[in-house]
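A short write-up of the structure that comes next.
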Amino acid sequence: GQSLEQPSEVTAVEGAIVQINCTYQTSGFYGLSWYQQHDGGAPTFLSYNALDGLEETGRFSSFLSRSDSYGYLLLQELQMKDSASYFCAVSGGATNKLIFGTGTLLAVQP
Amino acid sequence: KAGVTQTPRYLIKTRGQQVTLSCSPISGHRSVSWYQQTPGQGLQFLFEYFSETQRNKGNFPGRFSGRQFSNSRSEMNVSTLELGDSALYLCASSLGAAQETQYFGPGTRLLVL
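Okay, here's the thing in structure tokens:
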């Protein structure tokens with residue numbers, strides 16, 4: 026079957042750096058995506074890694090190691106507005122089906 | 037461009053009834069996927085439509101069905117509602133090719149009593 030594991034909760038303070046890990050077990054792997062979802066809101070796309078290495082987009086970076094079936098999302102210079110749930114998702118095959126992890130609730134404290 | 041829109045935003049139904057949810061994708065997007073989000077199961081893939089054809093389907097019972105129209109708008113239908121169908125139903129659109137970024141709508145929150 027296909028499964029993704031990520032921590033259920035992470036707490037950090039404003040200005041800090043936090044890393045959210047994601048390990049996956051899936052067949053036909055194409056890439057790893059990260060989505061952010063604020064309470065009551067829609068998931069919004071953050072990043073996508075198809076190849077090994079680090080992708081940087083502003084304060085957010087995402088890393089993938091295909092050989093380890095592992096990736097992470099790195100959030101720098103945390104702000105209160107970063108408090109949200111973060112989901113990793115794998116895609117595979119010739120469709121747009123996404124398999125999501127259970128989500129990590131990030132709480133940023135002052 | 038306008039984002040993905042979903043109607044209605046909130047819905048209350050009783051067991052045994054049926055419900056139809058609507059999704060209008062971003063203009064130019066031809067792929068629409070549907071997901072169910074619950075506190076216990078997280079985000080689960082229901083099905084994807086591309087050019088009016090179901091391209092992929094998740095592990096949900098036949099009570100869950102969908103369709104896509106020629107203008108790419110999509111509807112999903114749930115028949116014989118059960119209490120466990122209470123969830124946030126999200127649709128996401130993308131241009132169409134595999135691995136394209138998906139853009140989610142605000143969702144329809146369904147409560148089954």
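So the sequences go chain by chain: A and R. Numbering follows my numbering, in which position 58 of the first sequence is assigned residue number 83; successive positions increment by one, without gaps. Numbering follows my numbering, in which position 16 of the second sequence is assigned residue number 52; successive positions increment by one, without gaps. The beta-carbon is built from N, C-alpha and C at its ideal position, and this holds for glycine as well.
Straight-line gap, phenylalanine 92(R) to tyrosine 85(R) (C-alpha atoms, nearest Å): Correcting the residue type first, residue 92(R) is asparagine in the shown sequence and not phenylalanine. Rounded to the nearest angstrom, the gap between the Cα atoms of asparagine 92(R) and tyrosine 85(R) is 7 Å.
Whether leucine 57(R) touches threonine 116(R) by CB criterion (8 Å): no
Short CB-CB distance (under 8 Å) between threonine 69(A) and chain R: yes
Residue environment, phenylalanine 81(R), which counts as buried when at least 16 other CB atoms sit within 10 Å: Buried, since its Cβ has 16 or more Cβ neighbours within 10 Å.
C-alpha distance - valine 133(A) paired with glutamine 62(A), whole-angstrom precision: 14 Å
Amino acids of chain R, ordered along the chain, whose beta-carbon sits closer than 7 Å to that of lysine 106(A): None at all; the shortest Cβ gap to chain R is about 18 Å.
Whole-angstrom distance between leucine 57(A) and glycine 128(A), CA atom to CA atom: 14 Å
Minimum C-alpha distance to glutamate 111(R) - residue among Ser101(R), Gly76(R) and Glu118(R): Ser101(R)
From Tyr139(R), Asn107(R) and Thr50(R), residue whose alpha carbon lies closest to that of leucine 149(R): Thr50(R)
Contact under 8 Å by Cβ, leucine 40(R) with serine 60(R): In the sequence on display, residue 40(R) carries valine and not leucine. Yes, Cβ-Cβ distance for valine 40(R) and serine 60(R) is below 8 Å.
Proximal residues, the segment 35-57 of chain A versus chain R, C-beta separation under 7 Å: Tyr55 and Gly56
Alanine 38(R) burial status per 10 Å Cβ neighbour count (16 or more: buried): The residue is exposed, with fewer than 16 neighbouring Cβ atoms inside 10 Å.
C-alpha gap between serine 63(R) and tyrosine 139(R), whole angstroms: 12 Å
C-alpha distance - proline 135(A) paired with glutamate 39(A), whole-angstrom precision: 5 Å
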